[in-house]
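Here the structure is laid out as structure tokens; the discussion comes afterwards.
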Amino acid sequence: MASAWRIKERLDWIRLAKTHRAARWRITWLIDYARELIGESELLEPVHKVLATLENHAGPVVRRWTSTYTNHEWKD
90 MASAWRIKER LDWIRLAKTH RAARWRITWL IDYARELIGE SELLEPVHKV LATLENHAGP
150 VVRRWTSTYT NHEWKD
């Protein structure tokens, strides 16, 4: 289970990327790193699913993380 924690900790590293391109590269690197780290473990099947989802939605994820928009409602 330490593998899942190591993978989660790398998400902050992706968010620190200065550009969209750098963030995309970091996501690709994370996915490859995570797949190598967890191997074919059936116990970590949920992590495999998360990685597949991240791979399929990397573009929107990067746009959201680098967006300056917020859904915060200002109340006066």
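Our numbering puts the first residue of the sequence shown at 90, with every later residue one more than the last. Where a beta carbon is used, it is the ideal one built from N, C-alpha and C, also for glycine.
Extent of the continuous alpha helix (DSSP H) to which residue i belongs
i	result
K138	134-145
E125	109-127
L100	91-104
Rounded distance between the beta-carbons of residue j and residue i, thought under 8 Å
i	j	result
A147	R113	6 Å
V150	L143	7 Å
Residues near residue i in its chain [Cβ-Cβ closer than 6 Å; skip 5 each side]
i	result
R99	L119
Nonlocal neighbours in the same chain, by C-beta distance under 8 Å from residue i, ignoring five residues either side
i	result
K97	none
Cutoff 7 Å; reference residue i; Cβ partners in own chain excluding five residues on either side
i	result
A93	L133, V136
>> Under 8 Å: do the segment 151-158 and the segment 133-141 share three or more Cβ pairs, one atom per stretch?
In response: no
> On the three-pair Cβ rule with 8 Å, is the segment 100-107 touching the segment 120-127?
Replying inline: no
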